[in-house]
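In full-length UniProt numbering, the protein residues as written are 1 to 467.
Take a look at the structure:
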């Protein structure tokens, strides 16, 4: 180890050591010459000897002090290079503690603490990356795009982008082997006509589909929410024709995903060719196709919603969204509307006050004012960017998945996903499917009438128990 000792003054010279024989000769010469000279020589020799031992003692003390400080900094001396991160300049600074024998103890302590913090942060970051890797290790590009795209779940305040409710959504369930999973499905549906003070004869514009074994071991469930003057005609047409169109597709058994997308495209074209006017009328459509072994395909157009109630490790139910509400305030949806010449804004009263959710309008007019970014029908809205292309999400049911809820926005307008799962979950434990449906319908209706019962939306949903 290289050492540096600074105890001599500048330009100081070490005393020369004399040969013992020469010293005796010189001493004899002085003895013959003069007694005073001999006394002076003795004094000089004594001073030289004392200075020599004092200097050697200082060297020894300095070496001991340096050794003690080196032991204090032992952990750094074992590592000739240590990197610290400069958070301001985002650059690495390399320190070499062996360049000095006397590092300050406070600096050593701070450096050690920083290294410990960096190690803890790196370990925490590594754990997060591992969890993300576990959730996405399938590397399924389509599903990853769906998850990244779905940054929010809608609420009744649509002026701002909805909060995310997708933290329970993952591709991990696709790793279950369906050959070893057997599921029993039991389901029930409810629908209730809404009310409108300005239209006492309001028609229920919601419809639903519950078709088992449309082909061997394939079951179809769907909810449609019509809107506009002829919205009930559109939703009824979807209810009557979609299953027939899907059955006729020869790819349904081998490639069900492609068959669903193609069938909805055919259905959208047929809707616009019917006798009822669809310029300002249309419907949402949220469908689930469940195959043998629990493979599930959810296709969504509009703001109807599907979720799964999952039983967690703490024996509490948590929501797992299968679809995303297509609202104009979502960035991707808004960009598409702008590209097609539409605009997204709320409705304003005569005083210029903003009212209600974000809507789709033509660029230079105050119509059609559609409060969703995808639908079937709505020809005027589709001319300015509203789409009828479904968003697809595939999922493999797991033993933790206990029930599915598929509903129109009459259910979700004032009740969030967790509350709906809590309502249904307590009846799932009892095995009471009808009790779950009755209470969910009652609470959904009550939430609409808490402050004002002049406007109540149609309420429709399907609850599927999985065992």
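Quick reminder that beta carbons are idealized off the backbone N, C-alpha and C, glycines included. As the structure is a computational prediction, the values presented were derived from the model and not from experiment.
Annotation for residue 444: the continuous alpha helix (DSSP H) segment containing it runs 433-448.
Going by beta carbons, residue 226 and residue 254 fall outside the 8 Å limit. The beta carbon of residue 187 lies closer than 8 Å to those of 210, 221, 433, 462, 463, 464 and 465 in the same chain, with the five residues before and after it left out. Between residue 368 and residue 381 the beta-carbon gap is near 5 Å, inside 8 Å, which marks them as a contact. Two segments are said to touch when three or more pairs of C-beta atoms, one from each, lie closer than 8 Å; by this definition the region 377-395 touches the region 263-274. Beta bridge pairing from DSSP links residue 426 with no other residue. Residue 230 is not a Cβ neighbour of residue 191, given a cutoff of 8 Å. Nearest to residue 399 by alpha-carbon distance, out of 413, 407, 344 and 309, is 309.
In the assembly as shown, residue 327 is a buried residue. Its beta-carbon has 16 or more other beta-carbons within 10 Å.
The C-beta distance from residue 194 to residue 410 rounds to 7 Å, short enough to meet the 8 Å contact threshold.
Closest in alpha carbon position to residue 404, among 416, 425 and 384, is 425. Considering only 234, 458, 451 and 272, the residue with the shortest C-alpha distance to residue 441 is 458.
Here residue 290 is buried, its C-beta having at least 16 other C-beta atoms within 10 Å.
Under the three-state reduction of DSSP output, residue 287 falls in the strand class. Taking C-beta atoms under 8 Å as the contact rule, residue 397 and residue 183 qualify, at a distance of about 6 Å. For the 8 Å CB-CB criterion, residue 307 and residue 317 do not form a contact. Sequence-distant partners of residue 361 (beyond 5 residues in either direction) whose C-beta falls short of 8 Å from its own C-beta, in its chain, are 342, 343, 344, 345, 367, 368, 369 and 384.
Among the bridge pairs identified by DSSP, residue 391 is matched with 300. The closest CA to that of residue 250, considering only 415, 243 and 259, is found on 259. Across the structure, residue 256 and residue 293 are spaced so that their CA atoms are roughly 14 Å apart.
In the three-state DSSP reduction, residue 216 falls in the coil class, being neither helix nor strand. Beta-bridge partners assigned by DSSP to residue 222: 209 and 287. Between residue 271 and residue 407 a beta carbon distance of about 22 Å is seen, past the 8 Å cut, so the two are scored as non-contacting. A direct Cα-to-Cα measurement between residue 460 and residue 324 gives close to 18 Å. Residue 395 places its beta carbon less than 8 Å from that of residue 296. Taking the C-beta atoms as reference points, residue 300 is found nearer than 8 Å to residue 286. Distance from the Cα of residue 335 is smallest, within the candidate group 237, 373, 305 and 365, for 373. Between residue 284 and residue 224, the gap from beta carbon to beta carbon is short of 8 Å. In chain order, 344 and 385 place their CB closer than 8 Å to the CB of residue 338, counting only its own chain and leaving out the 5 sequence neighbours on each side.
For residue 337, DSSP assigns no beta-bridge partner whatsoever. For residue 208, the closest C-alpha among the options 237, 375 and 352 is that of 237. In the structure shown, residue 345 falls within a strand segment according to DSSP collapsed to helix, strand and coil. Comparing alpha-carbon positions, the option among 280, 419 and 414 lying closest to residue 450 turns out to be 414. Counting the other CB atoms within 10 Å of its CB gives residue 252 a total of 16 or more, which places it among the buried residues. Collapsing the DSSP output to three states places residue 419 in a helix. Shown here, residue 358 sits in a strand according to DSSP, grouped into three states.
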